[in-house]
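Its first residue numbered 0, the sequence shown is counted upward by one per residue in numbering that gives the first Met the number 0. We put the beta carbon where it would ideally sit given N, CA and C, even for glycine. Since the structure is predicted, the reported quantities are computational estimates derived from the model, not experimental observations. Encoded as structure tokens, the structure appears first; notes follow it.
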Amino acid sequence: MSVNNTVVDTYTGFTGNVPDINNGNGYADYLLGNFPPFSATDQVQFSFRDANDGPEMIFVASTPSSTVPEPATLTHLGLGLLCACFARRRRS
0 MSVNNTVVDT YTGFTGNVPD INNGNGYADY LLGNFPPFSA TDQVQFSFRD
50 ANDGPEMIFV ASTPSSTVPE PATLTHLGLG LLCACFARRR RS
């Protein structure tokens, strides 16, 4: 993988028991991850060579980051529920 024409990461696949002269014509799945963050203006290039004898199809996907609530938010929620319970208890 290169970013702005500078190679930043490489991946070499495993050596399997299938000879290079007949490595199938199906699809191979590769999941590459843990990349450094990119700037919106970066030019990112992925290169695959001789992955298999079939057609090469590349899909790029990202996983959404999960938002974690802050401790203060949970504290306020807990205090609000506690106050609501006490208010209900006083009325009954």
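- Among the bridge pairs identified by DSSP, T5 is matched with V2.
- By the criterion of a C-beta distance shorter than 8 Å, Q42 is surrounded in its chain by V2, N3, N4, once the five residues flanking it on both sides are discounted.
- For the pair F37 and D8, the CB atoms are not nearer than the 8 Å cut-off.
- Between the alpha carbons of L81 and S65 lies a gap of roughly 28 Å.
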